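All residue numbers for the sequence shown refer to the UniProt record's numbering, where the first residue is 1 and numbers rise by one.
Heads up: the structure comes next, in structure tokens.
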Amino acid sequence: MFITAIEDDIQVLDPETGLDPCCQKDFQVFFNLVDLFCDLVTSADPDLFEKWIQPFLHHVVLQSLHQPIISGFYKLIAVSMQLCVKLQYFKNYCGDLSDHRRPCYLLLSKFLLGLLAHCKQYKGDLQVSCLQAILETPAELVQPLIPQAISAFQVMFRLGHSMLSLAQQALTTLEQWCQLLPAEDMKPLLTAVLPELDPYLQSSGFEGDIEEAIDWELIKPSKNLSKNRTTKLIRKTLIERPETELSKLQRRIVIFLGCLETDTCLSLIEGGEKVQCDVWDSSQHLAYAIPFIDMKPSINIDNILPRVIELCLGCSDRQTRIVACEFLHAVIMYMLGTNLKMEVSKPGYLSKMFSHMVMPLLQLGCDSDQIVHQLYHPLMLQLAHWYSSAVQLGSVHTQILIETLMDGITHPTDTALRDYSAKCLREFVIWSIKQSRAKDLEKSQTNIKAVLKKMFSLCVHPSPTKRLGGALVFNSIYSVLREERSILEIFWLEILYYLVSNLAMTDGPDSNSVNVNSQVVLALDHVERVFLEKSALFTQVNSKRRTPPGFLGSCLVDVVMWLLHQCSSSAPDCRHKCMHMVCRICLKLPG
């Protein structure tokens with residue numbers, strides 16, 4: 001085992017968090033060996049590696065499946081598949097049973113299918129290593145997996161805003177696949193991915209390739225001039241500026257687009273998730289009076305905010321982006337003060353503007369740029385504290401915040417956004433409880449009820465991504481909820497009902513269902529733990545306890561009887577988990 005859990009009780013969404021190497025020195029030696037191996041193999045003759053391709057990949061893939069969060073294994077797989085491309089190892093492979101390459105082909109195909117699904121859950125160096133392994137995949141292997149590769153390429157180009165080398169590598173892979181694979185197979189991938197290239201073209205990569213420089217030079221006097229006079233000569237020269245990495249990438253994108261069909265190129269401007277730069281509201285709500293000495297001209301900030309947010313999220317010129325982020329941060333502070341003054345007379349005064357701004361603020365709060373992260377990471381946590389207070393109880397802005405946090409947790413590809421949204425939601429729940437008196441919490445749990453209502457809705461949603469989000473919501477706030485007796489008394493049976501319903505809906509063999517099931521089973525483990533440790537709480541009748549559909553009562557014996565009925569579920573994971581819970585909880589029944 002390379003790694004071990006350092007704290008079992010802290011529930012996190014990032015699979016790397018809460019884990020620590022068993023031996024830090026061995027871990028560092030392993031990564032040094034990985035780097036050394038990659039350098040040696042790529043510089044040597046590829047033919048020397050051909051006979052080792054199958055045994056090496058078989059061993060490394062099995063190790064990667066056993067330790068899926070060790071990025072070094074993905075780097076080894078990436079360099080191995082890079083050599084497969086150089087050797088054309090899978091060229092003319094047709095699936096013949098007698099072909100000696102068949103076991104390796106089937107192993108890598110199954111591994112890549114799982115990798116395409118799991119890489120969206122990772123972040124940082126681990127995610128980049130997974131994506132680079134996908135980029136090095138031979139075209140013969142990836143052809144049947146193109147539909148599953150769409151989201152991976154979207155993630156690559158989004159990460160490429162702060163890591164141009166990854167965007168360049170992804171573009172190189174697209175160029176190679178377009179040459180080797182049929183156009184009809186590549187079209188769905190290109191149609192979905194090309195909109196992600198538009199922000200690169202909109203950024204200022206070329207700041208003027210040629211600059212005119214004027215040199216002033218003193219020259220010797222000519223014969224016609226006095227000896228004591230010098231002549232100043234103006235000499236103009238043209239200085240060619242070196243091309244930046246962004247401008248090189250822009251040039252490559254334009255050339256790549258020129259090689260595609262016209263209808264495919266049109267998807268560059270027709271699709272994608274873009275910030276809408278239209279005015280958010282017909283009325284002007286946010287005006288700032290500039291305090292000059294002789295006058296105070298008023299500037300309407302509403303009109304420029306959409307463009308400012310677009311620069312904050314997608315501008316590749318770092319200086320421009322930082323300035324836009326600092327301006328937006330100041331606007332948020334001013335907006336909060338303005339809304340507080342107007343809330344009494346005009347409830348929901350800035351609600352339309354706020355609804356457009358919360359998701360961009362969440363994205364900036366988990367941005368990879370350190371300055372942007374320092375600005376917005378604490379800001380969103382403080383906003384969660386503010387909107388959980390009694391002053392904002394039940395306000396429109398609080399509802400918008402909860403809804404947006406749920407959207408962030410259920411994002412299909414952005415792992416960092418999911419983790420950060422869950423962290424903000426946890427802060428919201430903690431401070432909702434902290435800022436409420438015990439008596440008030442027993443009578444009314446407005447914020448808690450709103451969060452759980454959204455969670456229940458996600459648990460029974462048809463989309464696997466939404467159902468995964470429902471489980472992630474509970475896993476992020478479980479350790480807070482279990483400490484409040486009033487919350488356990490009222491909502492715990494209902495939480496059990498919706499989580500089991502979630503598990504009963506995810507019985508498919510696809511990788512998305514596997515991801516959902518693992519999180520729901522973890523959530524049910526938490527629910528079971530409360531029933532076991534606080535069984536006395538549920539053996540007594542409580543009129544406030546909410547009884548879910550199908551329950552004959554609201555006591556622990558009714559929980560066991562309902563779980564016993566669920567043991568006949570058609571979903572194997574749900575059936576097995578309910579059997580396990582019945583066997584453990586029945587031991588706590590009175591008598």
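Where is the CB? At the ideal position from N, CA and C, for every residue including glycine.
It should be emphasised that the depicted structure is a prediction, and the values quoted were computed from it without experimental measurement.
N-terminal and C-terminal residue of the alpha helix (DSSP H) that residue i is part of
i	result
I299	Not the alpha helix (DSSP H): I299 falls in the beta strand (DSSP E), residues S298 to N300.
N32	Q24 to S43
R426	T415 to K434
Y387	Q370 to Y387
L587	Segment: none, L587 is in no alpha helix (DSSP H) and carries neither H nor E.
D459	First, the residue type needs correcting, since residue 459 is Cys and not Asp in the sequence shown. First-last of the alpha helix (DSSP H) with C459: T446 to C459.
M156	I146 to L159
V541	Run containing V541: none; DSSP gives neither H nor E here.
F56	I53 to H66
H118	R102 to H118
Q169	L164 to L180
E310	L305 to G314
F551	It is not in any alpha helix (DSSP H) - F551 carries neither H nor E in the DSSP assignment.
Q143	Where Q143 is concerned, there is no enclosing alpha helix (DSSP H), given that its DSSP letter is neither H nor E.
P199	D198 to Q202
T398	V396 to I409
S98	It is not in any alpha helix (DSSP H) - S98 carries neither H nor E in the DSSP assignment.
V391	From DSSP, V391 is part of no alpha helix (DSSP H); its letter is neither H nor E.
E361	Note that residue 361 corresponds to Leu in the displayed sequence, not to Glu. From DSSP, the alpha helix (DSSP H) with L361 extends over S351 to G365.
F90	No alpha helix (DSSP H) holds F90; DSSP gives it neither H nor E.
L131	G124 to L135
P138	Run containing P138: none; DSSP gives neither H nor E here.
D263	T262 to C265
L246	E245 to G258
K187	A183 to V193
Per DSSP, cross-strand counterpart(s) of residue i
i	result
A287	N300
Whole-number beta carbon distance between residue j and residue i, since they are thought to touch under 8 Å
i	j	result
S543	K588	That pair is no contact at about 22 Å.
V41	V79	6 Å
L286	D302	5 Å
V358	L401	6 Å
L425	S476	6 Å
Q176	Q132	Rounded, the Cβ-Cβ distance is 14 Å, inconsistent with contact.
L503	D573	6 Å
H377	G365	5 Å
S203	D317	6 Å
W250	L201	The residue asked about is misnamed: residue 250 is Gln in this sequence, not Trp. Going by Cβ atoms, the distance from Q250 to L201 rounds to 6 Å, so yes, they are a contact pair.
C578	S569	7 Å
S486	V460	The Cβ separation is near 25 Å, so there is no contact.
P103	Q54	7 Å
I134	P188	The pair is not a contact, with the Cβ atoms about 16 Å apart (cut-off 8 Å).
A523	F456	Rounded, the Cβ-Cβ distance is 13 Å, inconsistent with contact.
Beta-carbon proximity of residue i to residue j, cut-off 8 Å
i	j	result
C555	F531	no
L194	S247	no
S162	T413	no
Y74	Y93	no
I253	L197	yes
L496	V451	no
P464	V429	no
A422	I409	yes
F256	L311	no
M380	L362	yes
P46	L83	yes
R545	L493	yes
L141	S98	no
A139	M156	no
L375	T446	no
V308	S351	no
L115	L57	no
L164	E245	yes
Q519	L552	no
I290	I299	yes
A192	Q154	yes
F111	V34	no
V557	V582	no
T137	M81	yes
T415	Q148	no
Y387	T398	yes
Neighbour flag for residue i against chain C, beta carbons, 8 Å
i	result
V308	The displayed structure is made up of one protein chain only, and chain C is not part of it.
Query raised in the report: At which residue ranges does the segment 464-495 contain complete alpha helix (DSSP H) runs of 4 or more residues, listed in the order of the chain?
Result: 464-481, all fully within the segment 464-495.
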